[in-house]
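K.L.:
The structure follows.
Protein chains: 2
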Amino acid sequence: MLSKKTQYALRALSFLAARHDQGPVLITEIAEQKKIPVKFLENILLELKNADILDSKKGRGGGYFLKEAPHKTSLARVMRIVEGPIALLPCVSLYFYQKCADCTEDVCPINGVFIQVRDATLKVLESKTLEDIQEMTLEAIDFSI
Amino acid sequence: MLSKKTQYALRALSFLAARHDQGPVLITEIAEQKKIPVKFLENILLELKNADILDSKKGRGGGYFLKEAPHKTSLARVMRIVEGPIALLPCVSLYFYQKCADCTEDVCPINGVFIQVRDATLKVLESKTLEDIQEMTLEAIDFSI
DNA sequence: AAATATCCTACTAAACTTGTAGACTATTTA
DNA sequence: TAAATAGTCTACAAGTTTAGTAGGATATTT
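Taken in order, these protein sequences are the chains called L and X.
For the first sequence, the tail end lands on 144 under numbering that gives the first Met the number 0, and the numbers increase by one without skipping.
For the second sequence, the tail end lands on 144 under numbering that gives the first Met the number 0, and the numbers increase by one without skipping.
This is how it looks when you write it as structure tokens:
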């Protein structure tokens, strides 16, 4: 299960993606709209900024905004920043690899399955971007259908 | 990431799968071979027994053994018992469903992706069984190749 | 200078993880 | 039938992580 932190991050980014190119958005506005504790969200957005997903502006008229167009940021990238490894075993992780204690990997009967799980998961999370989880805005809905 | 508990469970089952139909195996033997703390392993095996994955025999000549043939038990089933939900979001879990706080699911822009992740993961974990993670035994290796 | 809004570090309570302890029950063997 | 064997079960405890809070520092605008 994803931590609350990661869920909050995704919701906030979903909101910011919908507002892309419309100027900075206040933390307080995101927090209110997405029902996220303000101070917690502060930490999360700062972390995403330090990881180059977001950018920000201080002072009046300031706020947070996506650093790049929504389709440029994959969900895998976001999740690695806030959640950590995507793989289910340390010895099978691409970005957070750690040798399993007492596991002779070349003979390990278990890691093969979890390489398959990892690849199946990444196939989705690397291809989906913030554009795909963009919050629906009223303007975006085609009422003519 | 899977908890140590789940990793231990899989390793123990991998060992028991290789010994299927060869009579009960002592907890202490599994613990020693797989480098798992004995008392911790006790709890895990008991849980697997209560969930009908394992069966046991008390007293001399006793121990644990698979209740069914290795290919009958999927990894998904094991993981749901010891780890809990396989899905990454509660609102997308098949066996541990919970409504997301403040999430209007029919409009939620996020859960669609995690349904895809869930299905991709389950495609592997439901099809792989204890037979697939069975520990290699010397007898099973074909030296004639 | 005052107001606004992000930046940053540190702290805390609660929950979960990873074990451990010890007494109890069932089975086998001498 | 007593002793030894081996699983059963509940409770506890230390360590770690999660989720959230506090409050001052810094940058920008008016």
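Just so it is clear, CB atoms sit at the ideal spot from N, CA and C, and this is done for glycine as well.
1. Chain L beta carbons: is any one of them nearer than 9 Å to that of Asp131 (chain X)?
2. Quick one: using the 10 Å Cβ neighbour count with 16 as the cut-off for buried, is Arg59 (chain X) buried or exposed?
3. Use the C-beta contact count for Gln32 (chain X): other C-beta atoms within 10 angstroms, 16 or more gives buried, fewer gives exposed.
4. Residues bridged to Ser55 (chain X) by DSSP?
5. By Cβ distance below 8 Å, which residues in the same chain neighbour Met135 (chain X) in space, the five residues on each side in sequence not counted?
6. Helix, strand or coil for Val116 (chain L), going by three-state DSSP, please let me know.
7. Please classify Tyr96 (chain L): is it buried, with 16 or more other beta-carbons within 10 angstroms of its beta-carbon, or exposed?
8. When DSSP labels each residue in this structure, what does Ser13 (chain L) get in the three-state scheme?
9. Keeping to the same chain, check which residues put their C-beta closer than 8 Å to that of Ile26 (chain L); ignore five residues upstream and five downstream.
10. Could one say the Cβ of Leu65 (chain X) lies closer than 9 Å to chain L's Cβ atoms, at least one of them?
11. From this set, X:Cys102, X:Leu65, X:Val81, which residue's C-alpha is nearest Pro89 (chain X)'s C-alpha?
12. Using the three-state DSSP reduction, which class does Val24 (chain X) fall into: helix, strand or coil?
13. DSSP three-state call for Thr5 (chain L): helix, strand or coil?
14. Using a beta-carbon distance below 9 Å, is Ala68 (chain L) in contact with chain X?
15. By alpha-carbon positions, which one of X:Val81, X:Ser143, X:Val116 ends up nearest to Ser2 (chain X)?
16. Does any CB atom of chain L fall closer than 9 Å to the CB of Glu134 (chain X)?
17. Which bits of chain L does Ile29 (chain X) rub up against, with CB to CB less than 8 Å?
18. Among the residues of its own chain, which have a CB less than 7 Å from the CB of Ala68 (chain L), if the five just before and after it don't count?
19. Which partner residues of Ser73 (chain L) appear in the DSSP bridge assignment?
20. Within 10 angstroms of its Cβ, does Lys98 (chain L) collect 16 or more other Cβ (buried), or is it exposed?
21. Rounding to the nearest angstrom, what Cα-Cα distance links Gln115 (chain X) and Ser92 (chain X) in this structure?
P.N.:
Straight from the coordinates:
1. By this cut-off, Asp131 (chain X) is an interface position.
2. exposed
3. By the 10 Å Cβ count, Gln32 (chain X) comes out exposed.
4. X:Tyr63
5. Ala17
6. helix
7. exposed
8. In the structure shown, Ser13 (chain L) sits in a helix (DSSP, three-state: H, G or I).
9. Val37, Leu40, Glu41, Leu44, Gly62, Tyr63
10. Cβ-Cβ to chain L under 9 Å: no for Leu65 (chain X).
11. Pro89 (chain X) has its Cα closest to that of X:Cys102, out of X:Cys102, X:Leu65, X:Val81.
12. strand
13. Here DSSP, grouped into helix, strand and coil, assigns Thr5 (chain L) to helix.
14. Nearest CB-CB separation between Ala68 (chain L) and chain X: not below the 9 Å threshold.
15. Here the closest residue by C-alpha is X:Val81.
16. By this cut-off, Glu134 (chain X) is an interface position.
17. Going along chain L, no residue has its Cβ under 8 Å from Ile29 (chain X), so there is no contact; the nearest lies around 13 Å.
18. His19
19. L:Thr128
20. With fewer than 16 neighbouring CB atoms inside 10 Å of its own CB, Lys98 (chain L) falls in the exposed class.
21. Distance between the alpha carbons of Gln115 (chain X) and Ser92 (chain X): 12 Å.
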